[in-house]
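Under numbering that gives the first Met the number 0, the residue at position 127 of the sequence shown is numbered 126, and the numbers go up by one with no gaps. For each residue, glycine too, the CB sits at the ideal point set by N, CA and C. Small disclaimer: the values here were computed from a predicted structure and weren't measured.
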Amino acid sequence: MHDVNMNTHHVAFQYNASRMGLINHRQEEAKTLQSIARMNTKVSSVHQAVGALSGGNQQKIVLSKWLEKTPRILLLDEPTRGVDVGAKFEIYNVIRQLAAAGTAIILVSSELPEVMALSDRLVVMRNKTIADIYSCENLTQTQVMTAATGVR
Numbered sequence: 000m001h002d003v004n005m006n007t008h009h010v011a012f013q014y015n016a017s018r019m020g021l022i023n024h025r026q027e028e029a030k031t032l033q034s035i036a037r038m039n040t041k042v043s044s045v046h047q048a049v050g051a052l053s054g055g056n057q058q059k060i061v062l063s064k065w066l067e068k069t070p071r072i073l074l075l076d077e078p079t080r081g082v083d084v085g086a087k088f089e090i091y092n093v094i095r096q097l098a099a100a101g102t103a104i105i106l107v108s109s110e111l112p113e114v115m116a117l118s119d120r121l122v123v124m125r126n127k128t129i130a131d132i133y134s135c136e137n138l139t140q141t142q143v144m145t146a147a148t149g150v151r
């Protein structure tokens, strides 16, 4: 099991290496500490095994890993599944900050209130096809459930 430091930079590894392929470990640790602070991740050290963290903190490490590349589009599939309420709200804040900074977020979640609170538009799928597309402004859960079930 990798530690927090390795996990946070695993995806961006090729971008963090020098021309000769060498890694500046101090710089990596400094970036990890920034990621930990940004996500409010609770760890004892950057060398702590990720498996020893709570589910919420593990999710934050996974999200940090992908944010290291500064993506223009981010697909989040059940980003708050299995995390406590406090971690959920911290992840929500990061999602909102990313969206405000111009990152396109595609959010897949079975938590309807979560999707409605975090989205500008909502696509409802039914039987492997698009049932409806909504603006989330003034959208109700009843409208979404009606589109999802096909029951009027």
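So, residue i versus residue j, is the Cβ gap smaller than 7 Å?
i    : j    : result
V122 : V143 : no
T31  : V45  : yes
G55  : A36  : no
I132 : L117 : no
M38  : K59  : yes
With a 10 Å radius around its C-beta and 16 neighbouring C-beta atoms as the bar for buried, classify residue i as buried or exposed.
i    : result
T141 : exposed
A146 : buried
Q96  : exposed
E67  : buried
P78  : buried
E89  : buried
S34  : buried
Q57  : buried
V42  : buried
Answer yes or no: the CB of residue i versus the heavy atoms of the ligand FMN, is any distance below 6 Å?
i    : result
M124 : Summarising the ligand content, the structure contains no ligands, and the ligand FMN is consequently not present.
Taking residue i and residue j to be in contact with their CB atoms under 8 Å, please state how far apart those CB atoms are, rounded to whole angstroms.
i    : j    : result
L52  : L75  : With 8 Å as the limit, L52 and L75 do not qualify as a contact, their Cβ atoms being about 19 Å apart.
T102 : P70  : 6 Å
G134 : R120 : According to the sequence shown, residue 134 is Ser rather than Gly. 6 Å between Cβ atoms; contact.
L73  : I104 : 5 Å
D2   : Q47  : 6 Å
Within the segment 71-96, ranges of the beta strand (DSSP E) (whole runs, at least 3 residues):
72-76
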